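For the sequence shown, the UniProt record's numbering assigns the number 1 to the initial residue and increments by one for each residue that follows.
Every residue, glycine too, gets a C-beta built ideally from N, C-alpha and C.
Just so you know, these numbers come straight off a predicted model, no measurement behind them.
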Amino acid sequence: MLSELSSALSAGTLAGMVRQARNARERARGELTAAIKDEARRQLAAEGASRLSLRAVAREVGMVSSALYRYFPSRDELLTALIIDAYDAVGAAAERALAEAEQAGEPFGARWLAVCRTVRAWALDHPHEYALLYGTPVPGYAAPQTTTGPASRMPSALLRIVRDAHAAGELREPVSGGPAPTEELLAQAEQLAVLLEIAVPAAATVEVLIAWAQLSGLVSFELFGQFHGVVDARDALFDHAAAGLATRVGLAPSPGVR
Numbered sequence: 001m002l003s004e005l006s007s008a009l010s011a012g013t014l015a016g017m018v019r020q021a022r023n024a025r026e027r028a029r030g031e032l033t034a035a036i037k038d039e040a041r042r043q044l045a046a047e048g049a050s051r052l053s054l055r056a057v058a059r060e061v062g063m064v065s066s067a068l069y070r071y072f073p074s075r076d077e078l079l080t081a082l083i084i085d086a087y088d089a090v091g092a093a094a095e096r097a098l099a100e101a102e103q104a105g106e107p108f109g110a111r112w113l114a115v116c117r118t119v120r121a122w123a124l125d126h127p128h129e130y131a132l133l134y135g136t137p138v139p140g141y142a143a144p145q146t147t148t149g150p151a152s153r154m155p156s157a158l159l160r161i162v163r164d165a166h167a168a169g170e171l172r173e174p175v176s177g178g179p180a181p182t183e184e185l186l187a188q189a190e191q192l193a194v195l196l197e198i199a200v201p202a203a204a205t206v207e208v209l210i211a212w213a214q215l216s217g218l219v220s221f222e223l224f225g226q227f228h229g230v231v232d233a234r235d236a237l238f239d240h241a242a243a244g245l246a247t248r249v250g251l252a253p254s255p256g257v258r
């Protein structure tokens with residue numbers, strides 16, 4: 001009996017030691033992966049994405065390049081990891097802003113403005129990551145399908161605002177000032193809404209896509225210096241544009257924004 005108990009205790013101890021060792025290896029791998037990506041981000045800031053070098057990253061984190069390849073087999077895989085992290089970061093920021101506006105009972109136009117302001121603030125705080133997402137494409141790099149989900153998080157926050165306004169009976173007809181979308185465009189908008197599992201009228205989805213592109217362009221203009229010597233009141237300009245786009249997609253104007 002004592003022998004069986006001793007064997008059971010020994011087996012349990014051994015299993016626990018194996019788990020601890022595995023957990024320690026996983027922690028160490030996670031910490032080193034984070035260090036590699038942090039150094040890669042520093043290189044992005046200093047050299048740009050097109051000059052990202054696995055050998056240089058390995059040297060700075062104190063690894064031989066062959067060891068780094070066990071974490072990221074190619075430059076493109078490291079770029080993909082950075083892109084996914086950046087999309088997730090700006091998407092999470094947009095989602096938090098929306099959740100806070102919802103909890104505060106803000107009207108739909110104010111929720112839209114809160115998300116837009118947050119995306120702009122994130123971009124200004126993380127210019128190199130934003131440039132990786134929306135700047136000049138990296139020569140020779142093609143983003144894989146794994147980036148699609150993270151990339152959809154930020155625009156999905158805008159679509160959810162429109163969906164909720166529609167469900168509440170507060171979504172107006174889109175005000176584009178131009179011709180109606182073609183049937184082909186409406187069909188693609190419907191497919192997108194199904195793919196994202198966000199029930200939004202097709203015409204409104206089209207306008208959200210346009211608004212998303214225009215907001216990204218506005219942020220890019222500011223971030224890359226196109227407004228220097230043109231306009232200093234950039235907060236007011238952005239709010240005016242974001243509120244105008246909210247009206248265009250069918251949301252009531254945000255109070256206090258003109």
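S176 and M63 have their C-alpha atoms roughly 55 Å apart. At a Cβ-Cβ threshold of 8 Å, F108 and L245 do not count as neighbours.
A distance below 8 Å separates the beta carbons of A143 and T80.
Just so you know, the alpha carbons of V57 and I36 end up roughly 7 Å apart. Going by C-alpha positions, A189 is about 19 Å away from T247. Contact between S216 and Y134 holds: their C-beta atoms lie close to 6 Å from each other, under 8 Å.
Straight-line spacing of the CA atoms in L32 and V208 works out to 40 Å. When C-alpha distances from R117 are compared across E129, A101 and A180, the shortest belongs to A101. A straight-line Cα-Cα distance of about 15 Å links F227 and P127. Under the 8 Å Cβ criterion, the segment 155-172 does not count as touching the segment 180-188, having fewer than three qualifying pairs.
Rounded to the nearest whole angstrom, the C-alpha separation of L132 and Q103 is 32 Å. The beta carbon of A45 lies closer than 6 Å to those of H128 in the same chain, with the five residues before and after it left out.
For secondary structure counted as the alpha helix (DSSP H) over 4 or more consecutive residues, the segment 116-172 holds these complete runs in sequence order: 127-134 and 148-167. When DSSP assignments are scanned along the segment 57-84, no uninterrupted stretch of beta strand (DSSP E) that is 3 or more residues long falls wholly within it.
Going by C-alpha positions, S152 is about 8 Å away from G91.
By the neighbour-count criterion, in which 16 or more other beta carbons inside 10 Å mark a residue as buried, R70 falls on the exposed side. When C-alpha distances from L196 are compared across L159, S50, F224 and L52, the shortest belongs to L159. Under the three-state reduction of DSSP, G229 is assigned to coil, being neither helix nor strand. In this structure, DSSP gives G178 a state outside helix and strand, which the three-state scheme calls coil.
Here DSSP, grouped into helix, strand and coil, assigns V200 to coil. When the alpha-carbon of D125 is set against those of E222, L192, A243 and V230, the nearest one is in E222.
With fewer than 16 other beta carbons inside 10 angstroms of its own, S50 counts as exposed.
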